[in-house]
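Let me begin by presenting the structure, written as structure tokens, before commenting on it.
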Amino acid sequence: MTLVTASPARLRAAWGAAHEPVAGVPRWARIAALAIPFTVLPSGLWRIAAFALHLPIIDGDAFGSGDVRGNVPAWLPMELYVVLLSILSEGVAFLGVGLVAEWGEVFPRWIPGLRGRRVPTAAAVIPAAVGAAILTVLWTVVVVTALVLHETVRGDPLPDNFPIGFQDWQGVLGVVAYAPLVAWGPLLAAVTVAYCRRRAQARRRPPSQTTPTWR
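Per this note's numbering, the very first residue in the sequence shown carries number 4; after that it's consecutive.
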């Protein structure tokens, strides 16, 4: 009984620690960071609904005569692949929250050898900046080519019954699910700039004014 009653409290504490912003984070940066996972969530739910739960939100032949599996190995069930892909995407998006939270500045206690140490600014800023640039270009190109030019990124025409578009309610649902991904890169870029500025200011601040490290 003790374990059952304590578990929700631990989960709430872990959730709060993962999301609580550190001192000095601008309100806009906190909102932007917390919004990043929600730019990825709709597309993940759409994939799970369409390919794992097989809900009627796409036509059975929505991708034309091509193999909907693409490069997915034959031994991996499509349903499992879609779920894992969606979870992984959401996990990667959640890393953006670390740019405003304590665990993005001080390594958590559960990391052996690094616990309690300051996270090097470059170790957070460089991957985040590169990721923001790639995501901005990638999803802008994908959305423009698919919805405006009606082509794939390789320049091939999309099939007439491609499941994402404005042809019917099902296509519009796909647009609503994938359009937020365009904001992923710019939001991450903005939060990265705020993180870099905050860490630079902390280095210039006298030791007595620095925020205690997380233990």
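We put the CB at the ideal spot given by N, CA and C, even for glycine.
Across which residues does DSSP place Ala53 in a beta bridge pair?
Residue numbering aside, residue 53 sits at position 50 when the sequence shown is read from its first letter. None, per the DSSP bridge assignment.
Answer with buried or exposed for Trp187, where buried requires no fewer than 16 other C-beta atoms within 10 angstroms of its C-beta.
Start at 1 with the first residue of the sequence shown, and residue 187 comes out as number 184. Trp187 should be labelled buried.
Practice item. Use the C-beta contact count for Ser89: other C-beta atoms within 10 angstroms, 16 or more gives buried, fewer gives exposed. Key: For the purposes of this step, residue 89 is taken as residue 86 along the sequence shown, with counting starting at 1. That one is buried.
Q | the region 40-47 touching the region 182-200, judged by at least three CB pairs closer than 8 angstroms | A | yes
Problem set entry | Same chain only: Cβ atoms within 6 angstroms of Tyr198, ignoring 5 sequence neighbours per side | In the sequence shown, the residue the question calls residue 198 occupies position 195. Cβ neighbours of Tyr198 beyond the five flanking positions: Leu102.
Which complete alpha helix (DSSP H) runs does the region 81-164 hold, if anything under 4 residues is left out?
81-97 and 124-146
- Taking DSSP as the reference, what is the three-state secondary structure of Pro24? Taking the first residue of the sequence shown as 1, we reach residue 24 at position 21. DSSP places Pro24 in strand when its eight states are reduced to three.
* **Spatial distance of Arg15 from Thr148 (CA atoms)** => Position 12 of the sequence shown holds residue 15. Position 145 of the sequence shown holds residue 148. So the two alpha carbons sit approximately 42 angstroms from each other.
- Using a Cβ-Cβ cut-off of 7 angstroms (strictly less than) and excluding sequence neighbours within five positions of Ser68, which residues of its own chain qualify? Here residue 68 refers to the residue found at position 65 when the sequence shown is read from its first residue. Only weak support is given to the placement of Ser68: the predicted model assigns it a pLDDT of 43, under 50, and the value that follows is read from those uncertain coordinates. So no residue of the chain qualifies.
- Message: Less than 7 angstroms between C-beta atoms, sequence neighbours within five positions excluded: which residues of the same chain meet that for Gln173?
- Response: Within the sequence shown, the letter at position 170 stands for residue 173. Ile60, Ile61 and Pro166.
Open item on the list: Contact defined as beta carbons within less than 8 angstroms: I believe Ala96 pairs with Ile39. What is the distance between those atoms, to the nearest angstrom?
Closed with: Residue mapping note: residue 96 aligns to position 93 of the sequence shown, counting from 1. Residue mapping note: residue 39 aligns to position 36 of the sequence shown, counting from 1. Indeed they touch by this definition, with Cβ atoms about 5 angstroms apart.
_Quick check: what's the CA-CA separation for Gly119 versus Phe110?_
Position 116 of the sequence shown, counted from the first residue, corresponds to residue 119. Position 107 of the sequence shown, counted from the first residue, corresponds to residue 110. Cα-Cα distance, rounded: 5 angstroms.
**OP:** Starting from the C-beta of Leu191, find all residues in its chain whose C-beta is less than 7 angstroms away, skip the five residues before and the five after it, and write them out in chain order.
**Re:** Within the sequence shown, numbered from 1, the residue matching residue 191 stands at position 188. Around Leu191: Ile39, Gly99, Ala131, Gly134, Ala135 and Leu138.
Review point. Helix, strand or coil: how does DSSP classify Trp172 here?
Key: Counted from its first residue, the sequence shown places residue 172 at position 169. Reduced to three states, the DSSP call for Trp172 is helix.
* Which stretch, first to last residue, makes up the alpha helix (DSSP H) that contains Ala186? -> What you label residue 186 is simply residue 183 of the sequence shown in a count that begins at 1. Careful: Ala186 lies outside any alpha helix (DSSP H) and carries neither H nor E.
*Residues near Val146 by beta carbon distance below 8 angstroms, same chain, minus five either side*: To locate residue 146, count along the sequence shown from 1; it is residue 143. Excluding positions up to five away in sequence, the list reads Tyr181, Ala182, Leu184 and Val185.
Using three-state DSSP, classify Val75 as helix, strand or coil. Locating residue 75 in the sequence shown gives position 72, counting from the first residue. Here Val75 sits in coil by DSSP.
Which residue wins for smallest C-alpha separation from Ala205, given the options Ile34, Gly27, Trp106 and Ala127? To locate residue 205, count along the sequence shown from 1; it is residue 202. Measuring from the Cα of Ala205, the nearest candidate turns out to be Gly27.
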